[in-house]
Structures are given as structure tokens and as C-alpha cells.
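Asks:
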Amino acid sequence: MNSSISPDGVTIRPITGADEIDLFNRLPYTINHELADDLVAQRRRPEWMWVALDGDRVLARVAWWGRGGDSTPLLLDILDIEDGAEDLTEVAQALYETAAKQVLPSGTTPPEYGRFLPADWREDPDTYRAVRRRMGVLENTGAHLTVERLRLEWRPGADVPAPDQRLAFRPALDTDELVALMTRTLDGTLDAHSRADLAEMSPHEAAVKHYEQEFATFSSPRQWWRIGTLGENGEPVGFVVPARNTYHPVIAYLGVVPEHRGHGYVDGLLAEGTRILAAEDVPRIRAATDLGNVPMANAFARAGYVNFERAINMAWQ
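Following this line, the structure appears as C-alpha cells:
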């Protein structure tokens with residue numbers, strides 16, 4: 001087991017395994033309840049989960065996430081610092097830098113950082129301070145904020161949004177048809193991750209990347225994915241991808257092709273995706289959109305989705 005002891009006596013090391021999940025979870029976070037299952041499914045590995053310890057006191061922790069079987073992680077999604085009067089920023093930075101050298105391949109760009117936050121995190125001084133402290137640790141290593149997102153939820157008991165009588169729906173004919181529609185919807189996208197991809201690759205390449213890294217991993221039926229057309233056998237106006245990811249039923253993607261924007265079809269697409277998942281008697285439906293994507297955020301609000309959390313993403317260049 002790799003470990004180090006800083007001059008102030010703080011021990012920095014990975015956890016030994018599932019037997020130390022309780023130790024790792026002494027610092028609270030909304031996804032703590034998922035970590036044991038993640039270890040079993042190899043979405044996490046003990047060597048990707050590090051702690052800074054003063055005796056048995058957890059001062060800070062850091063962890064990465066990947067899909068089952070990945071040899072390197074895809075996301076840094078846990079960075080926590082004990083909340084107290086003592087300034088532990090330097091400890092947290094030493095923890096991140098020590099762990100990153102062991103976890104990440106040398107010479108590669110670190111994977112993105114993602115963090116869930118309370119919806120009102122800016123209004124609560126203590127929460128704001130904790131968020132800024134974590135962000136500061138990563139900023140000191142070269143990371144920068146890329147986007148803030150709204151996390152949204154539709155709950156049973158809410159009305160299923162009304163269908164758009166102008167639209168008919170069918171499954172995608174094949175992967176190529178869906179990727180072609182994804183490519184078209186990237187024209188004028190307001191999504192920050194998509195815009196970053198488009199700065200480095202063609203729209204088709206960006207669509208293929210998104211399909212392979214997300215859609216292809218879903219175990220839920222592809223028959224749920226719907227293309228909305230103008231009447232039966234009409235031309236497509238867009239598509240919606242309701243699915244189950246590893247943790248929740250989700251509206252994974254929703255897009256309207258450029259020539260059909262501005263006519264309210266987004267509401268019909270979202271209604272169809274919500275209807276499909278609601279018919280499965282799911283406990284919730286999750287979705288997310290960038291804070292700056294006001295049209296999409298408004299569509300979710302009209303459909304009865306509640307903004308229950310936010311999320312931030314940071315990246316290294």
C-alpha cells in the first residue's frame with residue numbers, strides 16, 4: 001500500500017478495501033450510500049480512494065469513479081475536507097496531489113471533477129465557504145470551473161406532462177439514425193460539455209463520443225428511446241432518450257433539430273420521455289441541464305421537474 005507522512009504527521013494513503021468504507025464515509029456527502037456497491041461493481045477501487053489521517057481522524061478524502069472494469073478513472077467526484085476551525089486546505093491539496101500521482105497515468109490530463117451541491121449553496125455562508133475551499137484546492141493544481149448545472153427531478157404524484165398532439169413517436173431505426181440526429185442537434189447547442197467537444201472535434205465525432213460513452217452503457221431497453229416526428233411517418237423534429245443509468249431512471253438526452261426549434265416541440269419530447277419512465281413505476285426521474293441553458297431549464301419546469309440540487313464541473317487543460 002502506497003502511503004506518505006507529511007511533516008506535520010498527517011498520513012496520506014488509500015483505503016485498504018471495503019473494510020474501511022465506514023472510515024472513508026466519516027466525512028458526509030450525498031453519495032456516501034453508493035460507495036460500497038460501487039466497490040463491488042468495480043466502479044471504484046480501493047487504490048482510487050484516499051484519505052488524509054491524523055491518527056483515526058479523517059482530515060480530508062478524495063476519490064475517483066469509473067465504469068466497471070475501467071483501468072483508469074473517468075471522473076474525480078469526491079473531494080472533502082473536515083469542516084472545522086482548522087484550515088486544512090494544504091492538507092487537502094497534498095492529499096490530492098499525492099493520490100493523483102499514484103492513480104492517474106503520468107503525463108495525462110486529469111479527468112474532470114464533478115460535485116453535487118445544495119440548490120441554494122450560494123445563499124448559505126457555511127456551504128458557500130466549503131464549496132469555495134474545495135474549488136480552491138483544485139484551482140491551485142490548475143483546474144478551472146467549466147459549468148454549473150441544475151439537477152432536476154420528477155417525482156411520482158406529479159402530473160405527467162400532456163402530450164403534444166402535433167407529434168408522433170417511434171423508436172430509432174438504428175444507431176446511425178440516432179447519431180445523425182444527435183449530430184444535427186449539436187448545431188447551436190447551449191451545453192457546455194458539447195461546446196467543449198465541438199472545439200476539438202467535428203459534430204459527428206462529438207455525437208459518436210457521447211453515444212459510446214453514455215448511451216451504449218445503458219442496460220435499459222433501447223425501445224424506450226423515441227424520435228418525435230411531425231405526424232405519422234413525418235420528418236423528425238427531435239428525439240428523447242429516457243433510460244436507467246447505474247443509479248437512477250433519467251432523461252439522458254433531449255434535442256430538437258435546428259430547423260424545428262422555436263415551436264415548443266421540446267415540451268412534447270420531454271412529455272414522451274417522462275411518460276415512458278413513469279409507466280415503469282419508477283421512484284423518481286432525474287435529469288440535468290446547464291444553468292445557462294435557460295430554454296431547457298424552463299421546459300423541465302413546465303413539465304413538473306423540481307430543481308433539487310446543483311452540480312459544478314471543473315477541468316484541467
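Under the UniProt record's numbering, the first residue of the sequence shown is numbered 1, with each subsequent residue one higher. In this text, a Cβ means the ideal position worked out from N, Cα and C, and glycines have one as well.
Select from Asp54, Asp8, Ala60, Gln42 the residue whose C-alpha is nearest the C-alpha of Phe24.
Replies: Per the Cα distances, Ala60.
Asks: Can you give me the start and stop residues for the alpha helix (DSSP H) that residue 321 sits inside?
Replies: The requested residue 321 does not occur in the structure, where the chain is confined to residues 1 to 317.
Asks: How about Val62 and Trp50: do their beta carbons lie closer than 7 Å?
Replies: Yes, these two residues count as a Cβ contact at 7 Å.
Asks: Applying the 10 Å Cβ sphere with the 16-neighbour rule, what's the burial state of Ala252?
Replies: Buried: at least 16 other Cβ atoms inside 10 Å.
Asks: Mapping the DSSP letters down to three states, classify Glu153 as helix, strand or coil.
Replies: Of the three classes helix, strand and coil, the one that applies to Glu153 here is strand, per DSSP.
Asks: Would you kindly check if the distance between the Cβ of Pro111 and the Cβ of Pro73 is under 7 Å?
Replies: Taking 7 Å as the Cβ cut-off, Pro73 and Pro111 qualify as a contacting pair.
Asks: May I ask you to report which of helix, strand or coil DSSP gives Met49?
Replies: Strand at Met49.
Asks: What is the C-beta distance between Gly255 and Thr141, in whole angstroms, given that I count them as a contact (C-beta under 8 Å)?
Replies: At roughly 34 Å, the Cβ-Cβ gap does not stay under 8 Å, so Gly255 and Thr141 are not in contact.
Asks: The alpha helix (DSSP H) that contains Pro295, what's its start and end?
Replies: Unbroken alpha helix (DSSP H) run through Pro295: 294-302.
Asks: Would the beta-carbon of Leu75 fall within 7 Å of that of Gly107?
Replies: Cβ atoms of Leu75 and Gly107: not closer than 7 Å.
Asks: Exposed or buried, what is Met201 when buried is set at 16 or more other beta-carbons lying within 10 Å of its beta-carbon?
Replies: Classification of Met201: exposed, given that the 10 Å Cβ count is below 16.
Asks: If we require 4 or more residues per run, which alpha helix (DSSP H) segments fall completely within the segment 170-198?
Replies: Those alpha helix (DSSP H) runs which fall completely within the segment 170-198 and span 4+ residues are 175-185, 192-198.
Asks: Does the count of Cβ pairs from the segment 278-285 and the segment 309-316 closer than 8 Å reach three?
Replies: With a cut-off of 8 Å, the segment 309-316 and the segment 278-285 do not count as touching, because too few Cβ pairs lie within range.
Asks: Excluding the 5 residues flanking Asp197 on each side, which residues of the same chain have their C-beta closer than 7 Å to its C-beta?
Replies: Ala206, Lys209.
Asks: By the 10 Å Cβ neighbour count, where 16 or more other Cβ atoms means buried, how is Tyr247 classified, buried or exposed?
Replies: With fewer than 16 Cβ atoms within 10 Å of its Cβ, Tyr247 is classed as exposed.
Asks: Please return the same chain residues whose Cβ sits closer than 7 Å to the Cβ of Val131, not counting the five positions on each side in sequence.
Replies: So the list reads Leu117, Trp121, once near-sequence residues are dropped.
Asks: Quick check on the DSSP output: the alpha helix (DSSP H) that includes Met135 runs from which residue to which?
Replies: 125-139 is the span of the alpha helix (DSSP H), which, as asked, contains Met135.
Asks: For a test of the three-state rule: what should DSSP assign to Leu27, helix, strand or coil?
Replies: Of the three classes helix, strand and coil, the one that applies to Leu27 here is coil, per DSSP.
Asks: Under the DSSP definition of a beta bridge, which residues are partnered with Gly238?
Replies: According to DSSP, which records beta bridges pairwise, Gly238 is partnered with Gly228, Val256.
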